[in-house]
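Undergrad:
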Ligand SMILES: [Zn+2]
């Protein structure tokens, strides 16, 4: 009986350790993030460039990203977890070749860490929800913040403000009933 208990607790400990290992493994960072996704799922769901940028801290080619010149009104969210990050009214043309923003929707939606790669000191910007790599933050942005969030298009998904539900016209049914009530008169 006692042996069984020891065995049970050993199995439990192993399971917990495995879960922790898998979770931190999938997030690929020292820090644990509120939301974790399996690498298998992300490889299926994301395009190769989206996966490379968000999970392997990659950088897309300048001027090649989908949203660099996007002028549409709307919201930019994390492509991995869907957390809203930027709005189009904070986007500006930096000439860098990557989508640039001077402010965030929410102060804590992005986590900043020192990035000393390539012999430079930069601030890496990651999604605070899932740890996805987004880009870098620089201090040469326009007023009023003076910040420039230089973000890969591949880290973002864009929801246009003007995109309504497709197909059914909202008010189509009302229009019909209005015309039928008119014919009744
Ligand atoms: Zn995210």
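Residue numbers (the UniProt record's numbering): 1 to 185. Don't be surprised by glycine CBs; every beta carbon is placed ideally from N, CA and C.
Please specify which runs of the alpha helix (DSSP H), each continuous and at least 4 residues long, are wholly inside the UniProt domain "MsrB" (39 to 161), giving them in chain order.
TA: 39 to 45 and 48 to 56
Undergrad: Name the residue from 93, 36 and 133 whose alpha carbon lies nearest to the alpha carbon of residue 142.
TA: Here residue 142 refers to the residue found at position 142 when the chain shown is read from its first residue. Of the listed residues, the one whose Cα sits closest to residue 142 is 93.
Undergrad: From residue 36 to residue 70, what distance separates their C-alpha atoms?
TA: Within the chain shown, the letter at position 36 stands for residue 36. Within the chain shown, the letter at position 70 stands for residue 70. Approximately 29 Å, taken between the alpha carbons.
Undergrad: Using 7 Å as the cut-off, classify the Cβ of residue 129 as near or not near the heavy atoms of ligand 1, replying yes or no.
TA: As a working note, residue 129 is residue 129 in the chain shown. Result yes, Cβ under 7 Å from ligand 1.
Undergrad: Within this structure, are the beta carbons of residue 74 and residue 160 separated by less than 8 Å?
TA: For the purposes of this step, residue 74 is taken as the residue at position 74 of the chain shown. For the purposes of this step, residue 160 is taken as the residue at position 160 of the chain shown. The criterion of a C-beta distance shorter than 8 Å is satisfied by residue 74 and residue 160.
Undergrad: Kindly indicate which residue of 72, 65, 85 and 48 has the alpha-carbon position closest to the one of residue 130.
TA: Sequence index remark: in the chain shown, residue 130 carries index 130 (1-based). Of the candidates 72, 65, 85 and 48, the one whose C-alpha sits nearest the C-alpha of residue 130 is 85.
Undergrad: Please classify residue 44 as buried or exposed, where buried requires at least 16 neighbouring CB atoms within 10 angstroms.
TA: Counted from its first residue, the chain shown places residue 44 at position 44. Under this definition residue 44 is an exposed residue.
Undergrad: Can you tell me whether residue 162 is buried or exposed? The criterion is at least 16 other CB atoms within 10 Å of its CB, across all chains shown.
TA: Position 162 of the chain shown, counting from 1, holds the residue named residue 162. Under this definition residue 162 is an exposed residue.
Undergrad: If you draw a straight line from the C-alpha of residue 34 to the C-alpha of residue 103, how long is it?
TA: For the purposes of this step, residue 34 is taken as residue 34 along the chain shown, with counting starting at 1. For the purposes of this step, residue 103 is taken as residue 103 along the chain shown, with counting starting at 1. Those two C-alpha atoms are separated by around 23 Å.
Undergrad: With three or more beta-carbon pairs closer than 8 Å as the criterion, would you say the stretch 152 to 159 touches the stretch 76 to 91?
TA: yes
Undergrad: Taking 6 Å as the limit between beta carbons, can you name the residues of its chain near residue 76, skipping five residues before and five after?
TA: One-based indexing of the chain shown puts residue 76 at position 76. Excluding residues within five positions, the ones whose Cβ falls inside 6 Å are 85, 86, 156 and 158.
Undergrad: If we ignore side chains and look at the alpha-carbon of each, how far apart do residue 151 and residue 52 end up?
TA: Within the chain shown, residue 151 is the residue found at index 151, counting from 1. Within the chain shown, residue 52 is the residue found at index 52, counting from 1. Spanning the two alpha carbons is a distance of roughly 14 Å.
Undergrad: Would you say the beta carbon of residue 80 is closer than 7 Å to some non-hydrogen atom of ligand 1?
TA: Taking the first residue of the chain shown as 1, we reach residue 80 at position 80. Yes - ligand 1 has a heavy atom lying nearer than 7 Å to the Cβ of residue 80.
Undergrad: Have a look at 119, 98, 90 and 133 and flag the residue whose alpha-carbon is nearest the alpha-carbon of residue 106.
TA: The sequence position of residue 106 within the chain shown is 106, counting from 1. Here the closest residue by C-alpha is 90.
Undergrad: Is residue 83 near ligand 1, going by C-beta to nearest heavy atom under 7 Å?
TA: Against the chain shown, residue 83 aligns to sequence position 83. True, at least one ligand heavy atom lies under 7 Å from that Cβ.
Undergrad: Here's the rule I'm using: 16 or more other beta-carbon atoms within 10 Å means buried, otherwise exposed. How should residue 113 be labelled?
TA: Taking the chain shown and counting its residues from 1, the one referred to as residue 113 is at position 113. Exposed, because fewer than 16 other Cβ atoms sit within 10 Å of the Cβ of residue 113.
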